[in-house]
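In our numbering, each number is its position in the sequence shown, counted from 1, plus 1.
Below: one structure, written as structure tokens.
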Amino acid sequence: MMFSLSALAQKPVDPKAAPNDFVQAVADNALQAVKNDDLVKSGDLKRINELVDELILPYVNFEKTTRLAAGRHWRQASPEQQQALVDAFRGTLIRTYSGALASVDDVSRIDIQPFRGDANADDVVVRSLITQKNGPAVGVDYRLEKTPDGWRVYDINVENIWLIQNYRNQFSQQIQQSGIDGLITALNKNNHQ
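Following this line, the structure appears as structure tokens:
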């Protein structure tokens, strides 16, 4: 009987659970996998990306994140451009999540804060504190929407900077300079550096 260490550590994630429980399960699985993986500990970015893809991305709504980051420009894009933009921005988000996981140490943990919203709402914010060995606790909030398949994360706030708001300004500037296709090209270029 052979099991991979990360498979043993995985707790089932129920996207239809209470918002706090859902975020805690996803976060715990990701942290545990990173802490138990020798390739990650050696700084193997490809392996970190694989774990992000496997443990975090299934619970993220890339289309909504991209649509909100593109703002009013989204409606000007053709369906093909919209899909290309989602795919390109997905690469950027993978790098963002991977960068966060790359700094996980053996004492890293995520503490979900008491839920303040209406758990029956379709759009909620789950607040957390992430603690690590070398530094102060960092506040990270997750904006979730309820879908037919359960909760999906579509925005993240790290130390009072919302991801969508941050990218909206950059996207708008890039689109004004070189159009939607220019933004897609710029995102893809950054993803391959």
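Even for Gly, the Cβ is constructed at its ideal location relative to N, Cα and C.
If you're wondering where the values come from, they're calculated on a predicted model, not measured in any experiment.
Classification of residue i by the beta-carbon crowding that lies within 10 angstroms, buried from 16 upward
i      : result
Gln106 : The sequence shown places Asp at residue 106, not Gln. The residue is exposed, with fewer than 16 neighbouring Cβ atoms inside 10 Å.
Ala31  : buried
Asn161 : exposed
Gln175 : buried
His74  : buried
Leu46  : exposed
Asp39  : exposed
Residue from the options with nearest C-alpha to residue i
i      : options                           : result
Val24  : Ile95, Thr97 and Asp112           : Asp112
Gln33  : Asp54, Arg110, Ala138 and Thr97   : Arg110
Asp156 : Tyr168, Asp150 and Pro149         : Tyr168
Gln77  : Gln177, Thr186, Leu188 and Lys190 : Gln177
Arg117 : Pro13, Pro137, Asn21 and Val154   : Asn21
Val108 : Lys36, Thr93, Asp182 and Lys147   : Lys36
Asn191 : Arg96, Val139, Ser173 and Pro115  : Arg96
Leu164 : Thr93, Glu51 and Asp45            : Thr93
Thr66  : Arg153, Gly183, Ser43 and Ile131  : Arg153
Gly151 : Lys47, Asp124, Pro115 and Gln133  : Asp124
Gln133 : Pro115, Tyr143, Ser104 and Thr148 : Ser104
Inter-residue Cα distance where the pair is residue i and residue j
i      : j      : result
Asn158 : Val141 : 5 angstroms
Glu81  : Leu145 : 26 angstroms
Val41  : Ile57  : 16 angstroms
Ala19  : Ala120 : 7 angstroms
Arg91  : Phe63  : 6 angstroms
Ser179 : Pro59  : 32 angstroms
Val27  : Lys17  : 13 angstroms
Leu99  : Ser129 : What sits at residue 99 in the sequence shown is Ser, not Leu. If you take the alpha carbons of Ser99 and Ser129, they lie about 18 angstroms apart.
Val126 : Val61  : 14 angstroms
Asn135 : Leu102 : 14 angstroms
Asn1   : Gln11  : In this structure the chain extends from 2 to 194, so residue 1 is not present and cannot be described.
Pro137 : Ile131 : 9 angstroms
Ala187 : Ser173 : 13 angstroms
DSSP bridge partner residues for residue i (one or two, in chain order)
i      : result
Ile195 : Residue 195 cannot be examined here, being either before or after the span of the chain that is shown, 2 to 194.
Gly151 : Thr148
Val159 : Val141 and Ile162
Val61  : Val154
Asp124 : Glu146
Residue-level contact to chain D via CB, residue i, 8 angstroms cutoff
i      : result
Ile165 : Of the protein chains in the structure, only one exists, and it is not chain D.
Segment contact, 8 angstroms Cβ cut-off, at least three pairs: the region 82 to 95 with the region 57 to 71: Yes, the region 82 to 95 is in contact with the region 57 to 71.
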